[in-house]
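A.B. asks: For the record, the sequence lines run as chains A and B. Residue numbers for the first sequence follow our numbering, beginning at 3 and rising by one. Residue numbers for the second sequence follow our numbering, beginning at 1198 and rising by one. One structure, pasted below without further comment.
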Amino acid sequence: MNFIENPKKLRGFEKHVRIEKVSRRSILKGLGITGGFVLAAPVMSRQALAYETGAGKMPHGVVVDPRVFVAIAPDGIVTIVAHRSEMGTGVRTSLPLIVAEELEADWTKVRVQQAHGDEVKFGNQDTDGSRSTRHYLIPMRQIGASARTMLEQAAAKRWGVPATEVKAVNHEVVHSATSRKLGFGELAADAAREPLPSIEGLKLKDPKDFRYLTKGQVSIVDLRDITTGRARYGADVRLPGMKYAVIARPPVTGGKLVSFDPAEALKVPGVEKVMEVRGWPWPSKFQPLGGVAVIARNTGAAIKGRDALKIVWDDGPNGKYESVAYRKELEEASRKPGLVVRKEGDADAALKTADKVIVGEYYIPHLAHVSMEPPVAVANVKDGKAEIWAPVQSPGGTREDVAKTLGIPEDSVSVNVTLLGGGFGRKSKCDFALEAALLSKELGAPVKVQWTREDDIHNGFLHTVSVERIEAGLDKSGKVIAWRHRSVAPSIASTFAAGTVHQAPFELGMGLVDMPFEIANISCENPEAAAHTRIGWFRSVSNIPRAFAVQSMVGEIAQATGRDPKDMLLELIGSPRIIKLDSVKDLWNYGEPYDSYPIDTARMRKVVELVAEKGEWGRSLPKGRGLGIAVHRSFVSYIATIVEVAVDDKGKLTIPRVDTAIDCGTYVNPERIHSQIEGAAIMGLSLAKYGEITFKDGKVQQKNYDDFPVIRMDESPLVTNVHIVPPGADTPPSGVGEPGVPPFAPALINAIFAATGKRIRSLPIGKQLEA
Amino acid sequence: MIKIKINGQEQSWDGDPDLPLLWYLRDEAGLTGTKYGCGQALCGACTVIVDKEAVRACITSINDVAGREVTTIEGLHPSGDHPVQKAWRQLNVPQCGFCQAGQIMQAAALLMDNQKPSHDQIREAMSGNICRCGCYQRIENAVHLASTGV
C-alpha cells in the first residue's frame, strides 16, 4: 500500500514483489505452450484455499503486493489499480471491488486507476480467455487483506494495543474496547511504513460478511462517463500537434505493395502527406500488413484522400482463396481419417456393427469481430521513446511488440490503456498500435491511426472456418455406443507459424477432446487444413463450431430415437462423475490445473436441470413455435440454454424467450454476469442468423454492417432470463465473458427443428428457412 | 465560412464543406462523445440531434447543418441528468459503452417525438443503432423507464 498525496503520482512507486523475470514472451504463449514459466507471489496454500489456478503460469504470473495496487491519500480516498482492460465485461469494476471488499474500504471513497502496460510490475495483463476473475479473485482478496492488515497494525501501534484487538470496518480502524476510531486517511502514512504481511498468514474475510461481493449492487465505475460522453476510448485520445492517418492495406493476406500514385490524394483539402508503411510477410504474428498511409488534419480528410489513391498490389500466395471451393476441401478432409487426438474403445469397429449410424456434417464460416469501436491507436515516438494510447486487451504484449518493432528497449515504451469499445479477441492483437508507432516515428509527430469499418472487416484476424463431422452409432435399444468426431479448420497457430495444418491443443480442447458424453467408443480426429488468411481468437473461439455440432447431433439422435431432447442430453452426459481423459496427450483445460477444474458431469447435469426447470422445458406452444436446448462447458464454466423460437410461414424467425443457466463457480458481480449472458444471446443469434465472411480472389467480400449484419433491437429476443447456480463453498471461479455464446446457436437450431421439422447444419441460417 | 451552433455555442469552419459532421465534431471541435462506428449510417454510433431530429453525423456534411443547431451527447443536459441518461444508469445499460452515446441521442430524439412510445415503437425506433455487446433488452427497458418517469 502506498501513502500518497496525489493519487496521480501512483506510478512513481516501483517496488513490488517479484520472484523472477520472464525472459521473453514466447509467440507460443497464446498457443497454450508458455515460453517461460514464472511463479510470482504464489496464491495461498491449498489448505487455505482448496484450489489453485493457472494464473502463475501466465507470462509474468501474478503480483500480490498492496504497494502496487492500492494507494490511500490523507483525505481517505483509496485508489485501486485495475490492471486488466475494460471491454464491457465489467472487469475494471469487479477486480478493484474485490480489493475494496477485503480492505473494508467504502466503495464511494474508492477511485479506480487504469494500469499502464507493465507486467513486471502488475503481473499478467492479457485480458482474454475469460480469465480475469478466475485468476485474480484470490490475489485481489490477498492484496486487499494485506493493505487492511497494514492499516490495522498502524492503528494498533498508535494506540499501543495488540493488533488482534483492532479491526478495520468500513473505512476506519476501530478499537472497540476503548471505542477509539481512526480513518483510513489518518492511518495511511503510518501504514505504508508497516512491513508487508506474509501472504500465508493473511486472514481473509468470511464470505458471510461480504458487503459487495456476490451482491451485484455496485454499478460499473464508468457508468456516468459513458452516459455523458466523457468516457475515453482509444479513438478519443487527442494530443497537441497530432496527425490523423488511415492506411490502405493489402487486400489479400500475404500480399504486398507494388506501387502507388499519391497525386490525387494530395489534392484533397486537409491531406498533408502520403507515405508507405512497412509490412511484414505472412505469417508474422501481429506485425502490420504494410501499405500506404494518408496523413491529414482530420480523419475525414484522411479517408477521402485514401479513396483517391491509386495503388497496385501483388496479391501473393493467397490470391486464389475462395470460400465455396475451400468448404469442399474441408468437407472432403472430414470424410477421411485424421490425426487421432482422443481415443477410447474402438469407434471405427463399433460404427461398423452399430444398428444405426447418424451422420451430421456441420459448417460454420469465418466470422468478423466488428466491435463497435474499430481498431485505433495513438502513438508519440520521439527521442528514442514511444508512448502509446490504445484500446488493447494485451497492454504488456503491446509494449513488448512496440519495443521489438521499433528496435528500442521495453522500458522506453509506455502503453496507456484506454477503454475498449468492444474487444471480442480482436484487440488481443496489437497490429494497429504497431502501425501508429511506425508512422509516428517517421513523421516525428504524434499520430492517430484509425481503422475504418471496412478495414476492420477486410484486414482483421478472423474466426476460423470449420467443418465438424460427427458420426454417432446406436445399438438396437437406441443407446449411443460410438462417437467419431472429425474437426477440420485452419488453426490460429497459422498466424504464428507457416505450414501449420493441425489445430493447437488449446483449440482441440474447446469442445472436441473434452466432449463429456458417457460413450464406450470415442474417436476424436483432426484432419489437416491450411490457412489462407489471418486466423485469430474470436469470443468463445473453437467452442462455437464444437457446441454447434455436438449439441445439434444430440438433437438429431433424440429425433432418430424419438426421445425428448433434454432427456437425451442428460442420458448422453451420463452419470455424475469426473471425466478421465487418459488418451488425450495435451488436455489444455483452459490452462487450469485439472484437480481444481475437472470436467464434472454433475455440474453439467445441474445446469441442464436448472434451465429446464426455470425455462419451463416442455411447456406447450402454439404451432410454428418450438423449444431447443443445448449445454456446453467452456472456459471451465458450465452453461445451458433454452431458446424459444417462432417461425412464420415465410420463414421469418423471432425469439420470444431465452433462458440460460450458468455455473461459473464462485462469482463477484452477478449483475455483470447477467449482462454478459444477455449479450451472449445477441452475439449467438447474430452469428447463427447472419454471420458469414466469404472470400473470392483472396479478398473478403463483405465490407460493413450492411453485408455483414449483426442483430438489431427489432430482431433481438423479447426476453432473456439468466439463472446463476449458487456456488459451493469452495467452488473455484470460472469464466463468464465467453461461455455464454457457444450453446446459443445449437439451442436455436434445435428449436427451429422443433418448430418446423427443418434441420439446419450449415450456418448462418440466412435464407434456409424461406420458401 | 460555415456557421453552426453546437451545444449552444456558435462555431465556424472554413475548410472542406463536404467534411462529414462526425469528423468535424470529433477532430476539429474536440467533441469526442460522438463515435465513429461505420461511416455509412448503418450503426448509429454517431447519432446527434439536429434541431429536433436524430441524424447520423457520419453521412451528414458540415455544409448540411449550416445555420442549424446541433446537440451532441455532451450538450444533451447540463449536468448529464436527462431522463434518458438517468434511466440508463438506473438499469446499468452499458457493457463496453461505445455505442451508448448514439443510443442515448436516438432515444432522446424518440421521446421528443413520442412521449410514451410502446415497446414495439421503441424496438422499431432504436433498430438503427447497433450494440455489438448486445445490451438491447436493457436499452429497451431504459427507454421505457425514461418515458414513464425515472
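Don't be surprised by glycine CBs; every beta carbon is placed ideally from N, CA and C.
Considering only residues of the region 1267-1335 of chain B, which uninterrupted alpha helix (DSSP H) runs meet the minimum length of 4 residues and lie entirely inside it, listed in chain order?
C.D. replies: 1280-1287, 1297-1310, 1316-1322
A.B. asks: Taking 8 Å as the CB-CB limit, is residue 1308 of chain B close to chain A?
C.D. replies: no
A.B. asks: Could you check whether residue 72 of chain A and residue 149 of chain A sit closer than 8 Å to each other, using their CB atoms as the reference points?
C.D. replies: It is a contact, given that the beta carbons lie within the stated cut-off.
A.B. asks: Beta-carbon within less than 7 Å of residue 1298 of chain B's beta-carbon, same chain only, minus the 5 sequence neighbours each way: which residues are those?
C.D. replies: 1230, 1231, 1232, 1270
A.B. asks: Are there 16 or more other CB atoms within 10 angstroms of the CB of residue 544 of chain A, so buried, or fewer, so exposed?
C.D. replies: With 16 or more Cβ atoms within 10 Å of its Cβ, residue 544 of chain A is classed as buried.
A.B. asks: Taking residue 684 of chain A as the query, report the chain B residues whose CB atoms sit under 7 Å from its CB, ordered along the chain.
C.D. replies: 1331, 1333, listed in chain order.
A.B. asks: What number of angstroms, rounded off, separates the C-alpha of residue 123 of chain A from the C-alpha of residue 506 of chain A?
C.D. replies: 30 Å
A.B. asks: To which residues does DSSP link residue 261 of chain A through a beta bridge?
C.D. replies: A:314
A.B. asks: Looking at the structure shown, is residue 88 of chain A part of a helix, part of a strand, or coil, going by DSSP?
C.D. replies: coil
A.B. asks: Between residue 1 of chain A and the rest of its own chain, which residues show a CB-CB distance below 6 Å, the 5 nearest in sequence each way excluded?
C.D. replies: No answer is possible for residue 1 of chain A: the residues shown for chain A start at 3 and end at 773.
A.B. asks: In terms of residues, what are the limits of the beta strand (DSSP E) holding residue 648 of chain A?
C.D. replies: Unbroken beta strand (DSSP E) run through residue 648 of chain A: 639-649.
A.B. asks: Does any residue of chain A have a CB that is nearer than 8 Å to the CB of residue 1320 of chain B?
C.D. replies: yes
A.B. asks: Going by C-alpha to C-alpha distance, which of A:227, A:197, A:193, A:63 sits closest to residue 134 of chain A?
C.D. replies: Comparing Cα positions, the closest option is A:63.
A.B. asks: Against chain B, which members of the region 221-236 of chain A pass a CB distance test of less than 9 Å?
C.D. replies: Correct list: 221, 222, 224, 225, 226, 227, 228, 229, 230, 231, 232, 233, 234, 235.
A.B. asks: Is the CB of residue 1266 of chain B under 8 Å away from at least one CB in chain A?
C.D. replies: no
A.B. asks: Below 9 Å between beta carbons is the criterion; list the residues of the region 79-105 of chain A that meet it against any residue of chain B, in chain order.
C.D. replies: 88, 89, 90, 91, 92
A.B. asks: Determine the contact status of residue 218 of chain A and residue 672 of chain A, defining contact as a CB-CB distance below 8 Å.
C.D. replies: yes
A.B. asks: Mind reading off the beta-carbon distance from residue 460 of chain A to residue 702 of chain A? Whole number of angstroms is fine, and I expect it under 8 Å.
C.D. replies: 5 Å
A.B. asks: Could you tell me whether any Cβ in chain A is nearer than 8 Å to the Cβ of residue 1292 of chain B?
C.D. replies: yes
A.B. asks: Would you say residue 1280 of chain B faces chain A, with C-beta separation under 8 Å as the test?
C.D. replies: no
A.B. asks: Identify, in the order they occur along the chain, each residue of the same chain with its Cβ nearer than 7 Å to the Cβ of residue 250 of chain A, setting aside the five sequence neighbours on each side.
C.D. replies: 293, 294, 308, 311, 313
A.B. asks: Let's test the definition: count the other Cβ atoms within 10 Å of the Cβ of residue 1289 of chain B and tell me whether it reaches 16, buried, or not, exposed.
C.D. replies: buried
A.B. asks: What's the gap between the Cα of residue 644 of chain A and the Cα of residue 612 of chain A?
C.D. replies: 11 Å
A.B. asks: Check whether the Cβ of residue 1275 of chain B lies closer than 8 Å to any Cβ atom in chain D.
C.D. replies: Any reference to chain D falls outside this structure, whose protein chains are A and B.
A.B. asks: Residue 552 of chain A: buried (16+ other C-beta within 10 angstroms of its C-beta) or exposed?
C.D. replies: buried
A.B. asks: Shortest alpha-carbon distance to residue 510 of chain A belongs to which of A:79, A:636, A:536?
C.D. replies: A:636
A.B. asks: Could you tell me the alpha carbon to alpha carbon distance between residue 554 of chain A and residue 138 of chain A, rounded to whole angstroms?
C.D. replies: 35 Å
A.B. asks: Return the residue from the list A:463, A:458, A:467, A:489 that minimises the CA-CA distance to residue 473 of chain A.
C.D. replies: A:489
A.B. asks: Using a C-beta cutoff of 8 Å, does residue 721 of chain A count as contacting chain B?
C.D. replies: yes
A.B. asks: Counting pairs of Cβ atoms below 8 Å between the region 190-203 of chain A and the region 1258-1265 of chain B, do you hit three or more?
C.D. replies: no
A.B. asks: Under 8 Å between the Cβ atoms of residue 662 of chain A and residue 712 of chain A?
C.D. replies: no
A.B. asks: Closer than 7 Å by C-beta to residue 77 of chain A: which residues in its own chain qualify, once you throw out the five before and the five after it? Chain order, please.
C.D. replies: Closer than 7 Å at Cβ, skipping near neighbours: 187.
A.B. asks: Measuring alpha carbon to alpha carbon, tell me which of A:241, A:457, A:97, A:115 ends up nearest residue 142 of chain A.
C.D. replies: A:97
A.B. asks: Measure from the C-beta of residue 264 of chain A to each C-beta in chain B and report whether the shortest distance is under 8 Å.
C.D. replies: For residue 264 of chain A, the answer is no, since every Cβ of chain B falls outside 8 Å of its Cβ.
A.B. asks: I want to know whether the region 512-519 of chain A touches the region 376-396 of chain A - three or more CB-CB distances under 8 Å.
C.D. replies: Taking 8 Å as the limit for Cβ pairs, the verdict is that the region 376-396 of chain A does not touch the region 512-519 of chain A.
A.B. asks: What do you reckon, are the CB atoms on residue 431 of chain A and residue 422 of chain A nearer than 8 Å?
C.D. replies: no
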